[in-house]
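Have a look at the structure below, then the notes.
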Amino acid sequence: MVFFATSNLNKFKEAEEILGKTGLEIKHFKFEHDEIRSDSLEDISIEAVGAAYDQTKKPVFVDDTGIFIEGLNEFPGAYSGWVIKKIGVGGILKLMDAVTNRNVVFRTCIAYQDKNIVKTFIGENKGKINSEPKGKSGFGYDSIFVPDGHTQTFAENIELKNKLSHRYKSLLLFSNYINSRNIEI
Ligand code: ITT
Numbered sequence: 003m004v005f006f007a008t009s010n011l012n013k014f015k016e017a018e019e020i021l022g023k024t025g026l027e028i029k030h031f032k033f034e035h036d037e038i039r040s041d042s043l044e045d046i047s048i049e050a051v052g053a054a055y056d057q058t059k060k061p062v063f064v065d066d067t068g069i070f071i072e073g074l075n076e077f078p079g080a081y082s083g084w085v086i087k088k089i090g091v092g093g094i095l096k097l098m099d100a101v102t103n104r105n106v107v108f109r110t111c112i113a114y115q116d117k118n119i120v121k122t123f124i125g126e127n128k129g130k131i132n133s134e135p136k137g138k139s140g141f142g143y144d145s146i147f148v149p150d151g152h153t154q155t156f157a158e159n160i161e162l163k164n165k166l167s168h169r170y171k172s173l174l175l176f177s178n179y180i181n182s183r184n185i186e187i
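Numbering-wise (my numbering), the sequence shown opens with residue 3 and increments by one.
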């Protein structure tokens, strides 16, 4: 069993579903943490997992996720949480009015810590920012993200999200690592 330290229950539910299929059991560790300010998901997640480990003293991971919009010079990136609280997906769509390049990358960095090691796992998913919000499932930016090769947003097709998302890819790398190391947890 590994703790997943997060304040975001949506992330936890996705991780539980994805990791359940790999045989890795996780438990929610309710974690409210003021993350450091940085452009790097890796730096943010490494600092956060250190703080989480200080509290759990048991194997634990965190997930730092951002959406990087090419036509906005990678904005909002590591500031995605703050930006959605301030301007919402509506605000992002307004910013996109002036932009023709709608390419975007969703990126998750998982940082894991136990008594021996700190390690990160990055998963990415490329797509486009949709012209309007669509769909009711998911959370955050899911209603405006359409993965490449598909026509629906993640919020319209949550099964698809959990099969190919940034979180899915990073969690799979993570669970392969844990399973291959045979860590006693
Ligand atoms: P933590 O406690 O785990 O840090 P958080 O919600 O603050 O939770 P992040 O900083 O990693 O998490 O994420 C920033 C925001 O990006 C988050 O609040 C969501 O609005 C959005 N987000 C993260 N993952 C997402 C996903 O899979 N789909 C859509 N939006 C996502």
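Beta carbons are placed, not taken as given, at the ideal position from N, Cα and C, and that holds for glycine.
**OP:** Measure the C-alpha to C-alpha separation of Lys-29 and Leu-74 and round it to an integer number of angstroms.
**Re:** So the two alpha carbons sit approximately 37 Å from each other.
In the DSSP output, what is His-30 paired with across the bridge?
Partner(s): Phe-6.
| task | Determine the extent of the alpha helix (DSSP H) in which Tyr-114 is found, giving its start and end residues. | result | No alpha helix (DSSP H) holds Tyr-114; the beta strand (DSSP E) holding it covers 105-115.
On the criterion of 16 or more Cβ atoms from any shown chain inside 10 Å, does Val-85 qualify as buried, or is it exposed? Classification for Val-85: buried.
Between Val-91 and Pro-135, which are expected to be in contact by the criterion C-beta below 8 Å, what is the C-beta distance as a whole number of angstroms?
-> About 5 Å separates the beta carbon of Val-91 from that of Pro-135, a gap short enough to meet the 8 Å contact definition.
Q.
Whole angstroms are fine: how far does the CA of Asn-159 sit from the CA of Gly-218?
A. Residue 218 is absent from the model: the chain starts at 3 and stops at 187.
Next item on the list: With a threshold of 8 Å, establish whether the CB of Asn-132 neighbours any heavy atom of the ligand ITT.
Entry: No, the Cβ of Asn-132 stays beyond 8 Å of every heavy atom of the ligand ITT.
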